[in-house]
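Residue numbers (this note's numbering): 2 to 261.
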């Protein structure tokens with residue numbers, strides 16, 4: 002938090018600087034910050050780099066999911082216009098001096114090199130999700146034992162055949178995991194035609210086939226969409242494929258700010 006001298010006493014500021022990311026010093030971002038009363042995003046410069054910051058009240062913690070989403074939108078919204086090293090959500094420092102001395106100065110060389118590598122690039126997320134009924138039908142067609150057990154249990158009371166129900170669930174989950182590995186590998190191999198910069202993110206739900214971050218030149222976005230659409234066309238009504246982006250390179254170069 003910043004301080005100011007007032008009538009011989011030290012007054013504590015009620016704001017801090019929330020840090021969004023690192024950009025080149027000549028960047029001119031046009032964005033609003035986050036919070037109940039958003040302040041403009043501005044830059045604090047050090048040599049060839051700058052930090053993107055906005056003032057936030059220290060008595061209004063940014064802990065809601067909406068705050069994280071808004072923060073990500075601010076950073077991701079700049080990617081098409083400038084290379085950005087995203088800073089993990091929630092990092093705030095007291096004042097411009099703390100940002101320069103605690104974040105920019107000690108990391109200047111590393112940040113400069115990363116910005117050079119990111120120039121003209123963005124992260125994209127390639128997501129695939131099974132169509133539940135289609136993949137379940139596929140599993141049962143391939144596993145006669147599971148299909149027979151499911152048929153036996155179909156009309157049985159819920160309190161009957163507990164062990165059998167558990168066994169059926171385990172068979173289906175095991176088959177689904179195997180399919181996820183095989184189909185996920187197919188997606189990865191297709192994406193490797195475009196870039197070697199891939200990051201596999203862990204699945205967040207059972208029907209998820211893949212959630213893969215790729216770092217790609219912005220001018221290859223249409224090619225990426227074409228590749229993903231081609232995969233989706235091969236798996237029509239089986240796997241829903243989509244591309245999210247361009248985004249900041251969260252899965253490749255996201256940085257942590259020093260604690261204060």
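Ideal Cβ positions, reconstructed from N, Cα and C, are used throughout, including at glycine.
Scanning 88, 182, 123, 128 for the CA closest to the CA of residue 112 turns up 88. Beta-bridge partners of residue 122 (DSSP): 218. In the structure shown, the three-state DSSP call for residue 188 is helix.
For residue 242, the secondary structure class from DSSP, reduced to helix, strand or coil, is strand.
When C-beta atoms of the segment 73-88 are compared with those of the segment 240-254, three or more pairs fall below 8 angstroms, so the two segments count as touching.
Pairing residue 233 with residue 241, the inter-Cα distance amounts to about 6 angstroms. As a beta-bridge residue in DSSP terms, residue 57 pairs with 17.
Spatial neighbours of residue 198 in its own chain (CB-CB distance under 7 angstroms, excluding positions within 5 residues in sequence) are listed in chain order as 215, 216, 253. Judged by DSSP in its simplified three-state form, residue 33 adopts strand.
Counting only unbroken stretches of 3 or more residues, the beta strand (DSSP E) elements lying wholly within the segment 68-151 are 122-131, in sequence order.
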